[in-house]
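J.: Mind having a look at this structure? Questions to follow.
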Amino acid sequence: MAALRIGIIGGGYMARAHSVALATLPVYVEGLPLEPVREVICDATDELARAAAEAYGFRRWSSDWRAVVEDPDVDVIDIVLPNAMHHEVVLAAIAAGKHVTCEKPLANTAAQAEEMTRAAQRAGVVHQIGLNWRLAPAVQQARRLIEDGTIGEVRDFRGFWLADFGADDSAPMTWKYSRAGAGSGALGDTGSHVIDIARYLVGDFDSVVGLSRIHVPFRRDPATGDPVAVDVEDDSAFLAEFSGGAYGYLQNTRSSPGRKNHCGFELHGTKGSLTFDWERMNELHFYDSRDPKDRQGFRTLLMGPAHPYAGHFWRVPGYQIGFGETKTLQFLELVRAIGGDGQVQTSFEEGLRAKQVEEAVEASVESRAWQQVPR
Ligand SMILES: NC(=O)c1ccc[n+]([C@@H]2O[C@H](COP(=O)([O-])OP(=O)(O)OC[C@H]3O[C@@H](n4cnc5c(N)ncnc54)[C@H](O)[C@@H]3O)[C@@H](O)[C@H]2O)c1
Numbered sequence: 001m002a003a004l005r006i007g008i009i010g011g012g013y014m015a016r017a018h019s020v021a022l023a024t025l026p027v028y029v030e031g032l033p034l035e036p037v038r039e040v041i042c043d044a045t046d047e048l049a050r051a052a053a054e055a056y057g058f059r060r061w062s063s064d065w066r067a068v069v070e071d072p073d074v075d076v077i078d079i080v081l082p083n084a085m086h087h088e089v090v091l092a093a094i095a096a097g098k099h100v101t102c103e104k105p106l107a108n109t110a111a112q113a114e115e116m117t118r119a120a121q122r123a124g125v126v127h128q129i130g131l132n133w134r135l136a137p138a139v140q141q142a143r144r145l146i147e148d149g150t151i152g153e154v155r156d157f158r159g160f161w162l163a164d165f166g167a168d169d170s171a172p173m174t175w176k177y178s179r180a181g182a183g184s185g186a187l188g189d190t191g192s193h194v195i196d197i198a199r200y201l202v203g204d205f206d207s208v209v210g211l212s213r214i215h216v217p218f219r220r221d222p223a224t225g226d227p228v229a230v231d232v233e234d235d236s237a238f239l240a241e242f243s244g245g246a247y248g249y250l251q252n253t254r255s256s257p258g259r260k261n262h263c264g265f266e267l268h269g270t271k272g273s274l275t276f277d278w279e280r281m282n283e284l285h286f287y288d289s290r291d292p293k294d295r296q297g298f299r300t301l302l303m304g305p306a307h308p309y310a311g312h313f314w315r316v317p318g319y320q321i322g323f324g325e326t327k328t329l330q331f332l333e334l335v336r337a338i339g340g341d342g343q344v345q346t347s348f349e350e351g352l353r354a355k356q357v358e359e360a361v362e363a364s365v366e367s368r369a370w371q372q373v374p375r
């Protein structure tokens, strides 16, 4: 099998998730068109890069991302950098003719995301954004039940991601709490996944109106101890109208004490309802209005080989998968697309659409009025 040589740029938290996914993909999935190889990993310093290569099983390391992008022995550039760097590195990778996978949010602004999307399309390279949460088998199964008409016409969608990692005001300043570093706060961080799941299940957004809050206005610089202003939201909520007529309510916060990773949705259609909570990500709850009255109630579908993508892992429903396996599925789509055997569901276009929704929400917060989402 021919090798597909991956160069990861960024050696932090997500680099570990991507490395595990690349290592386990050929173990889980037989018949890949190409064999993913962890060729080179790049971090900001030699010390960090060497440590990342050793820990994550890469052949080589570098502290020069431009050299990695230009490296003729690298086929795919995988960007797991702070958001503000995505734009420049993605454009350089595309210019060098590489296939690209980039973490979400695609860029700090929709204008940058559009430039990256059009450049990738023009170059004809495979391009993917790390909106892996929609790849969870239960979310894929939800889409199947909507597509085959089981739920009927979707009337409303409530999506949420409640977490408390930002509630602690003594937690230090990082790039994730600054507009220059992250482009946005909870809305673009966890919210990009919720917006993507909403689009995946219900369709495009038409218009939005929202509110946001900064609860911790200053955080301490970890090096100097000086207070630094936080200029992105900790908390965001918005109402939405979808192009198909359904309405939505989406809430994203990193300031809800006790909520660790409470990400999910509830949606109602003319024939039934679906609910999903990532903290029990192997389950989809399904209510069918056509059930006889004396046995109506939500049933729990436990994901297994009968459900989309779950069959790649274990033979028995209930053996369960986790966050890491959704990254394995992301790379499965990437390797197959590059090998000419399928397409990625989450191309840059999906990242651009999510960013456009986020910017429309931000504009509505400013204007305190409904905003149209660009189409
Ligand atoms: N899909 C998901 O579920 C998910 C989850 C978490 C984070 N993310 C995304 O992944 C991306 C990375 O987030 P993270 O949590 O891994 O961040 P992180 O801060 O842990 O890692 C970023 C890494 O980039 C390195 N870096 C910074 N400047 C560099 C440079 N010039 N050259 C090379 N390396 C450099 C840093 O040293 C660090 O190792 C972000 O876009 C984030 O939104 C996605």
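Numbering-wise (full-length UniProt numbering), the sequence shown opens with residue 1 and increments by one.
Virtual Cβ for every residue (Gly too), placed ideally from N, Cα, C.
#1: Using only the heavy atoms of ligand 1, determine whether one of them is closer than 8 Å to the beta carbon of H193.
#2: Taking the alpha helix (DSSP H) that A369 belongs to, which residues open and close that run?
#3: How is L32 classed by DSSP in three states: helix, strand or coil?
#4: Got a sec, what are the start and stop residues for the beta strand (DSSP E) N252 sits in?
#5: Where does S19 sit, in a helix, a strand or coil, going by DSSP?
#6: Under 7 Å Cβ to Cβ from D235, same chain only, skipping five residues before and after it: list those, please.
#7: Checking 9 Å against the spacing of the C-beta atoms, do W161 and N261 come in under that value?
#8: Hey, quick one: how far does the beta strand (DSSP E) through L162 stretch, first residue to last?
#9: Are E47 and D196 touching if we call contact CB-CB under 9 Å?
#10: Are the stretch 87-100 and the stretch 19-34 touching, with three or more C-beta to C-beta distances below 8 Å?
#11: Would G297 be called buried (16 or more neighbouring beta carbons within 10 Å of its own) or exposed?
#12: When the Cα of I338 is compared with those of H99, D204 and I41, which residue comes out closest?
#13: Going by the beta-carbon positions, is the gap between V344 and H127 smaller than 9 Å?
#14: Taking the CB atoms as reference points, tell me whether N108 and S184 lie closer together than 9 Å.
#15: Taking the CB atoms as reference points, tell me whether D156 and V373 lie closer together than 9 Å.
#16: Cα separation between A142 and V29?
#17: Determine the burial state of G340: buried for a count of at least 16 other Cβ atoms within 10 Å of its Cβ, exposed for fewer.
#18: Mapping the DSSP letters down to three states, classify A229 as helix, strand or coil.
#19: Helix, strand or coil for Y200 per DSSP?
#20: With a Cβ-Cβ cutoff of 9 Å, do F218 and V228 count as a contact?
#21: Between the Cα of R16 and those of E54, E35 and A3, spot the shortest distance and give me the residue it belongs to.
#22: Does DSSP put H307 in a helix, in a strand, or in coil?
#23: Measuring straight from C-alpha to C-alpha, what distance separates G324 and A138?
#24: Return the chain-ordered list of same chain residues with a C-beta closer than 6 Å to the C-beta of A3, the five sequence neighbours on each side being excluded.
#25: So what does DSSP say about D277, is it helix, strand or coil?
#26: Count Cβ pairs between the stretch 284-295 and the stretch 267-276 that sit closer than 8 Å; are there 3 or more?
#27: Is W314 helix, strand or coil by DSSP?
#28: Could you name the residues of the same chain whose beta carbon sits closer than 6 Å to that of A120, not counting the 5 residues immediately before and after it, in chain order?
#29: Would you mind reading off the limits of the alpha helix (DSSP H) that contains E147?
#30: Measuring CA to CA, which of A198, V202 and R336 is closest to G264?
T.: Looking at the coordinates:
#1: What you label residue 193 is simply residue 193 of the sequence shown in a count that begins at 1. Checking every heavy atom of ligand 1 against the Cβ of H193, one is found closer than 8 Å.
#2: As a working mapping, residue 369 is identified with position 369 in the sequence shown. Premise fails: A369 is in no alpha helix (DSSP H) and is neither H nor E.
#3: Here the question's residue 32 lines up with position 32 in the sequence shown. In the structure shown, the three-state DSSP call for L32 is coil.
#4: The residue you call residue 252 lines up with position 252 of the sequence shown. Segment Y247 to T253, the beta strand (DSSP E) holding N252.
#5: If you number the sequence shown from 1, residue 19 lands on position 19. Helix.
#6: Within the sequence shown, the letter at position 235 stands for residue 235. Closer than 7 Å at the Cβ level, and outside the excluded window around D235, lie A186, S212, R213, H215, T253 and S255.
#7: Taking the first residue of the sequence shown as 1, we reach residue 161 at position 161. Taking the first residue of the sequence shown as 1, we reach residue 261 at position 261. A contact, by the Cβ cut-off of 9 Å.
#8: To locate residue 162, count along the sequence shown from 1; it is residue 162. Looking at the DSSP string, the run of the beta strand (DSSP E) that includes L162 is V154 to L162.
#9: For the purposes of this step, residue 47 is taken as residue 47 along the sequence shown, with counting starting at 1. For the purposes of this step, residue 196 is taken as residue 196 along the sequence shown, with counting starting at 1. No, the pair does not count as a contact, with Cβ atoms beyond the cut-off.
#10: No, the stretch 87-100 does not touch the stretch 19-34.
#11: Taking the sequence shown and counting its residues from 1, the one referred to as residue 297 is at position 297. It counts as exposed.
#12: On the sequence shown, position 338 is the one that residue 338 refers to. Cα-wise, what sits closest to I338 is H99.
#13: If you number the sequence shown from 1, residue 344 lands on position 344. If you number the sequence shown from 1, residue 127 lands on position 127. Yes, they are a contact pair.
#14: Working through the sequence shown from its first residue, we reach residue 108 at position 108. Working through the sequence shown from its first residue, we reach residue 184 at position 184. Yes.
#15: The residue given as residue 156 occupies position 156 in the sequence shown. The residue given as residue 373 occupies position 373 in the sequence shown. No, the pair does not count as a contact, with Cβ atoms beyond the cut-off.
#16: Taking the first residue of the sequence shown as position 1, residue 142 is located at position 142. Taking the first residue of the sequence shown as position 1, residue 29 is located at position 29. Rounded to the nearest angstrom, the two C-alpha atoms are 23 Å apart.
#17: On the sequence shown, residue 340 is found 340 positions in, with the first residue counted as 1. So G340 counts as exposed.
#18: One-based indexing of the sequence shown puts residue 229 at position 229. A229 falls in the strand class under three-state DSSP.
#19: In the sequence shown, counting from the first residue as 1, residue 200 sits at position 200. In this structure, Y200 counts as helix in the three-state DSSP scheme.
#20: For this step, residue 218 is matched to residue 218 along the sequence shown. For this step, residue 228 is matched to residue 228 along the sequence shown. Remark: C-beta atoms of F218 and V228 approach each other more closely than 9 Å.
#21: Against the sequence shown, residue 16 aligns to sequence position 16. Across the set E54, E35 and A3, the C-alpha of E54 shows the shortest separation from the C-alpha of R16.
#22: The residue given as residue 307 occupies position 307 in the sequence shown. H307: coil per DSSP, three-state reduction.
#23: Within the sequence shown, the letter at position 324 stands for residue 324. Within the sequence shown, the letter at position 138 stands for residue 138. Roughly 15 Å between the two C-alpha positions.
#24: Here residue 3 refers to the residue found at position 3 when the sequence shown is read from its first residue. The answer, listed in chain order, is E35 and V37.
#25: On the sequence shown, residue 277 is found 277 positions in, with the first residue counted as 1. Collapsing the DSSP output to three states places D277 in a strand.
#26: Yes, the stretch 284-295 is in contact with the stretch 267-276.
#27: On the sequence shown, position 314 is the one that residue 314 refers to. Residue state, collapsed to three classes: coil.
#28: Residue 120 sits at position 120 when you count from the first residue of the sequence shown. Taken in chain order, the residues that qualify are I94, H127 and F348.
#29: As a first step, residue 147 is located in the sequence shown; it is residue number 147 there, counting from the start. P137 to E147 is the extent of the alpha helix (DSSP H) around E147.
#30: By 1-based counting over the sequence shown, the position of residue 264 is 264. Shortest Cα-Cα distance from G264 to any of A198, V202 and R336 involves A198.
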